[in-house]
Each structure stands twice: as structure tokens, then as C-alpha cells.
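Chains as they are written, first to last, in our numbering: chain A, 6 to 263; chain B, -18 to 217; chain C, 36 to 239.
Everything below concerns the one structure shown next.
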Amino acid sequence: MACFNGITASADATNQMHSFKQAMREVSAKPDWLSARHIERQRWNPYSMEGGSTCAISGDNFAIVASDTRMTANDINILTRDAEKIQVLNDSIILTTSGFYGDVLQLTKVLQSRLHKYRFDYRADMSVDLCAELLSRNLYYRRFFPYYTGAILAGIDEHGKGAVFSYDPIGCIERLGYSASGAAEPMIIPFLDCQIGHVTLDEGYEKPALTMERAISLMKDSFRGAAEREISTGDKIHLVIAEAGKPIVQKFLPLRED
Amino acid sequence: MDSHEEVKATLNPTCTGTSVIALQYKTGVVVLTDRVVSYGKMARYKNVSRQYKVNENVLVAFGGDHADFHWLQNVIERQVLLWKRFDQDIGPKALHGYLTSLLYGRRCQMNPVWNTLIVAGIEEEEKKNKETSTPFIGIITQKGCAYQVKHVATGLGAFLLNQAVEDEWRKSGGELTREQAEQVLRKSLELSLYHDCVADNEFEIGRVDSQDGVVLGKEEKVIGDWSIAETNCQYE
Amino acid sequence: MSIMSYTGGTVVAMAGDECVCIASDLRIGEQMTTVATDQKKVHKVSDKVYVGLAGFQSDARTVLEKIMFRKNLYELRENRRIKPQVLSEMISNLAYQHRFGSYFTEPLVAGLDDTNKPYICCMDTIGCVSSPRDFVAIGTGQHYLLGVCENYWRENMKPDELFEATAQSILSCLERDAASGWGAVVYTITKDKVNVATIKTRMD
């Protein structure tokens, strides 16, 4: 800028330069892309919801996890009928997530790499209790730009007992007997409350222990009920069964496709 | 707001491509895109390919912002060269994973790549065994939501064509021949031409085949049946 | 918070074999505060016709009076008992008359018609009627109820089965819905009598 003052040839050129600078100053003070229209557009939502529901039930020596396999956009448009929402992280840990699928993928990747590193460091698989805490920390790490996911971690703990850990998007953790998350959560949870939690039974009545067969059939029932009423849940049930001392079994069962 | 803050994000895409339709057949994948890039509703650039051949095994097609895709082509090329340094060809699954992370990363910076990408291809190892060769179609949305499918239509096609393509695919039991698959795509484009005002009748069908590798399509045209226009009273 | 969940409350109805069940909770709140614990949201309109009103209870009261007024006029003019189908049409018209300043209440009708055929229906605040053959639920706990009812409802249930299904459904719902609770009341309407049962739920 300073060199212009030295080489000025005529007053006319100086004036032209002056008005040009003035125009530049005005433009940079109020650029086009900061107009109301553009600012409105800038409020872009980094999240989207891909629908679907997941559920987990634990018993004395088993844990079963299920999810539907539908992925939707805006709740009405089916993107795919074979989405994977359950990840078997190792022989005793199963992660299932609903919500924003981009975050689901990222969260899975983070956990998988942390588990890999744990194996590398300690020559043993991580236990489900440790992984549960790890997941909670990872979720809370993104407190101010959360993973928009309803995660459920299930598996067999160190004592051979079934475990289900339920999370909110920012890492509040709770160990429960059964849990559900996703679009049909409010439909599945009270049903399991009644059938597994026996909350509607008065005190003094015998509350029978949950068998695996019953847990599986309750799981199927709750998903069939949910698929009747909830449009983003359907297509197939992905069922993962972990029993203490046995390898994990995976199954696909049919569900409504409409 | 700080007036000197530069806006870096594509939050208002300018030149865009519309639907991409891809379908798996017995030994490969066929991908159909039309050859127009629109500026709003104007057909701004004609005869532009929306498919990019990565190597002999992988093809990437896009919908969304054209400039972002140009940049992505550069990024992909660099990734291909990086793999070349280790004497390897990038496969469709690896590229799909890489692009997923890239798009998710950009989303987290609130600066998305405004593209829906379709990665089609065949893994090199699976190519040799023709019995088990499984063609790959992977999708990534601009928010980093990624999944794999056997058939797909994106953009407005997601609303118009997804089910139509799926029905055809199911009718054949998932065992379409290449000719059948291409026929389904041509029919689908005709459908989208009737309903999508930014779809064009000039298109190309690229394919990835376990024998021929990536073959980019030639420009084709479909006219369609416009006789119904005679009975439309809403315009003169 | 939406005006529809300001006072809280849930109503459910199920149809069986020549019988219907209609149940509601007893709580009324002002958002998070409970102000009354003995407020039924189910009201008797005729011997075998009941109406449930969930949503904003001030409006529900007004609507109930208007319903009773119209129903009484109908019965005087026609000199016969009102059928549930007629009542739901009447309420639907009443609600739609206030299309652009609606009452914030969702009505539900349950009853037996003169051939003892069960009839249940629910509508939105402006009177769009939905009359399924199985069950209906309205109010703050409707999502919870629909999920549970879907699993408990069977075709052609007898009155005692129907009562059990309805009671278990609303009990499970009140377990999770914070805006409803403090006990429930279940009306089982059969061709001979109406059985009223008050059941204990989570009292909070």
C-alpha cells in the first residue's frame, strides 16, 4: 500500500484508487455471504436420524441383543433393509446403537480400535464392565458435540453373568436387566417392564427367573409389536445371543416390510 | 459476527448433479448417471460425466455439488497414488471406508462435502474366484452416514426409484444378468426423467465387471413417451 | 412444553367380545407438580357409552359439558338412547367447529351399540376420527400404551380377559409415564352391567 503514495502519477488515479479502496472496505465490512439469506442457510444441521430400534435383555448366564435392520431417511424413506446396528466387539461384548448412523459408525470404530489396543497391551480381551466404562468416557468426551446415539452395551461379565449397560447420548451409564433404545423405545420398554421386571405384580408374589427361551420369545414379541406401530422399525430382526461359556450366535428373523 | 471471518463451508451448493442409480448383477455392478450438471433448475453444463474411474476395480459416482466432487477426485487420486507407493491398488471397501471417514470428519468441522457418493467395485482377491466374487456398492451421505447395498437410487431417485429397482432385483432373485440390469436402469432413468425436473435424458451406464474391470459407459439418450402431454390441460 | 402435556393424563380403550374396557389414570398436574390425585378422565355419557378426555383438563371439562348438552338434546329430540357411533360423530363435529381455535383435548369414545357390538374410537383435537377394531389410546402415555396393547390384545376377549389386558396395559404405561399416575380406574362395559375397578399403580 505504501508504495502507491510514492509512485502516484496524477491526482485522478489517486482518486480512483481511493474510491476503489472505499468500495473494498464496504464489501469486506458487509460481504454478500453474511447477508441474512446466507446466514440462514448456514444453520446446517450436522445430525440426521436413521430410525430403527434396538433392545437388550440380560439373564443369569446370558445376554441377548436385538435390533431391526431397517435404515430410514426422514422416517419415511427406506434407505436399506439390511443395515447393521449390532456390532460384536469381542467374544463377550456386544454393542448396539440407534440414532445418527454416522456417529454410530464412528463410535464403533473408536471402540474397536481401543479394544484392539487393549489386546495389544494386555494380551487379553477387555471385559464388558471395563468396556462399559470406556464407552461412557468416550461419549462424555464429546459432551458439547455429542454422538447422537442411544447406545446399549451387553455381554457376559467376569463372573459369567449377563450384563446390559444403557447410555444416553452424552454418556450417562446405568446397568440394567433389560433396556431398549431408538424410535420404538417407549413401546418396547413398558412391555418388558411388565413381563421381565414384573412391575405390575403386587409384593409377595413369586417372580420367576428369566430363562433364555422366554427372553428370546419376549424379544421377538416386542419387535413384532413395535413394527406394527412404528414406521421406521421393520424388515428383519437381527438377534445376537451370548451365553456364558458358549460362542456368540447370530440370527436373522423376518419382520414386517411395510 | 466477525465480518472478516471467511465462509469455507459448502452450505449452498451451486452446480449440482441429481440421482445416481446403481444395481448389482451376477458378476458386477452397473451404475447409471445422467450427464447434466444443474445450476439450480437450469441445465447449466451438459455432457459432463458424473462417474469417476479410480482404477481397474473401482468406480465412484456422485450426486450433489460438482465442485466438491472435483476436489474429491483429486483427493481420491492422491490416495490411489499413496497405495501405488506400496505397489497396491485401492479396493472398493478400502476407498469406501476412507471416504466415509473423510466425509464424517468434514461434517464434524461443520464444513460438509456436499455429495452423496456411490462407490462401486470388486475386490481384487475376489475377482479371481468367479464363484464367490461379490460386487460391492457402498453409499456415503454428506453427513458421513455409510452403508452397503445390492441396489440403490440416490437424490430424488431415493423417493421415486428405490422401490422400483428393489422390486426388479427381487423378482430375479438377486441374479440379474448384465443386460437385465442395464434394462432396469434405463427404465428407471425414464421414470426419473418424467418426475425429476433436473434429470436429463442423456445418460451413461458405467460398470465394474469381474472380467472386464471398470468400463465407463458411452453417452446414450432416452426419449420416453410424452404422448400423455396431449391430455394435460394445465398448460397450453 | 406442549399444552397437550400440561396437565398430563392417559386414557385407553380396548374392544372384546360384546364388551369394551375403558381406563384412565387419576393424576392431574401443572407440568411437573401434581395438584390432584382423584381425577378420572373417563366420563359416563349413557348406560353403555363412555367418553374419555385426555389433554388439557380445563378444556376437557368444557368439552364434556358441551358433549353432555348435545347428547341430552339428542336424546330428548329423538327419544332414544345415543349410540357410541352417533356420539363420536357428534364430538367430531363439535371439535371441528373449533377448527381454528381448537380445544386442546383428544376425545375417546367407547361403548356398546344397541346390538351390543363394541365400538371404540379416538380423535385428534380437531375431530379426525379413527375407529379401529382392537384398541385406542390417547394422552401423554399413548406411545407406551400402544406398544403394550399391541402385545396384549387378542381377538374376541371375554370381559374378565379384557379387563386383565386393559389393566396390565395401563399399569405398565403408568410405570413409565411421569405425567400420569396415582392409580387407575377401569370400566368394563358388558351388555348387562358396567364393572368399575380402581387399581393401585405407582403412586407418584
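Yeah, the Cβ is synthetic: ideal placement off N, Cα and C, and Gly gets one too.
Since the structure is predicted, the reported quantities are computational estimates derived from the model, not experimental observations.
For PRO259 (chain A), the beta-bridge partners assigned by DSSP are A:LYS241.
By the neighbour-count definition (other C-beta atoms within 10 Å, threshold 16), VAL94 (chain B) is a buried residue. GLU183 (chain B) has its alpha-carbon roughly 30 Å from the corresponding atom of THR81 (chain B).
Within the same chain, and ignoring the five residues on either side of GLU156 (chain B) in sequence, the residues whose Cβ sits closer than 7 Å to its Cβ are LYS7. By the 16-neighbour rule on beta-carbons within 10 angstroms, GLN192 (chain B) is exposed. When DSSP reads this structure, CYS156 (chain C) sits in a beta bridge with C:VAL144. Contact check for ALA88 (chain A) against GLU55 (chain A) passes: the beta carbons are separated by less than 9 Å. Each of C:LEU99, C:ASP94, C:GLN74 was checked against the Cα of SER81 (chain C), and the nearest Cα belongs to C:LEU99. With fewer than 16 neighbouring CB atoms inside 10 Å of its own CB, ILE38 (chain C) falls in the exposed class. The straight-line gap separating the alpha-carbon atoms of ASP206 (chain B) and PHE140 (chain B) is approximately 21 Å.
With a threshold of 9 Å between beta carbons, ILE83 (chain A) makes contact with chain B. In the three-state reduction of the DSSP assignment, ALA28 (chain A) falls in the helix class.
For LYS27 (chain B), DSSP records a beta bridge to B:VAL17. Cβ contact annotation for HIS78 (chain C) (same chain, cutoff 6 Å, sequence separation greater than five): VAL86, LEU99, in chain order. Burial is judged here by how many other beta carbons sit within 10 angstroms of a residue's own beta carbon; ASN50 (chain A) has fewer than 16 and is exposed. Distance from the Cα of ILE99 (chain A) is smallest, within the candidate group A:VAL245, A:PRO259, A:TYR123, A:ARG48, for A:VAL245. For the C-beta of GLY230 (chain A), the chain C residues within less than 7 Å are, from N- to C-terminus, GLY182, GLU185, ASN186. The beta carbon of TYR145 (chain A) sits no closer than 9 Å to any beta carbon of chain B.
At a cut-off of 9 Å between beta-carbon atoms, CYS56 (chain C) makes no contact with chain A.
Cβ neighbours of ALA180 (chain B) within its own chain (closer than 6 Å, five residues either side excluded): THR(-1), ASP15, SER173, LEU174. Between LYS34 (chain B) and VAL195 (chain B) the beta-carbon gap is near 5 Å, inside 8 Å, which marks them as a contact. In the structure shown, VAL94 (chain B) adopts coil according to DSSP, grouped into three states.
When 7 Å is used as the limit between beta carbons, PRO195 (chain A) is near these residues of chain C: TYR179, GLY182, VAL183, SER207, CYS208, GLU210, ARG211, in chain order. Neighbours of GLN203 (chain C) in chain A, taken as residues whose beta carbon is under 8 Å from its own, are CYS199, THR205 in chain order.
The beta carbons of ALA50 (chain C) and PRO153 (chain C) sit closer together than 9 Å. Only TYR128, GLN129, VAL130, LYS131, VAL133, ALA139, PHE140, ASN143, GLN144, GLU147 from the segment 128 to 151 of chain B bring a Cβ to less than 9 Å from some Cβ of chain A. Of all alpha-carbon atoms in C:VAL144, C:LYS76, C:MET67, C:GLU196, the one lying nearest the alpha-carbon of ASP94 (chain C) is that of C:LYS76.
Residue burial is scored here from C-beta neighbours: ASN20 (chain A) has fewer than 16 other C-beta atoms within 10 angstroms and is therefore classed as exposed. Closest option to CYS126 (chain B), judged by alpha-carbon separation, among A:ASP108, A:LYS241, A:ALA159: A:ASP108. Judged by their CB atoms, ALA162 (chain B) and ALA101 (chain B) are not nearer to each other than the 9 Å cut-off. Within chain C, GLY182 have C-beta atoms less than 8 Å from the C-beta of ALA189 (chain A), given in sequence order. Inclusion of VAL84 (chain C) and SER204 (chain C) in the CB contact set at 9 Å is not warranted, their separation being larger than that value. The three-state secondary structure of ASP65 (chain A), taken from DSSP, is coil. Your pair SER215 (chain C) and GLY44 (chain C) checks out as a contact, with CB atoms roughly 6 Å apart and the cut at 8 Å. Taking the C-beta atoms as reference points, THR236 (chain C) is found nearer than 9 Å to ASP60 (chain C). The secondary-structure analysis by DSSP pairs ASN82 (chain A) across a beta bridge with A:ALA78.
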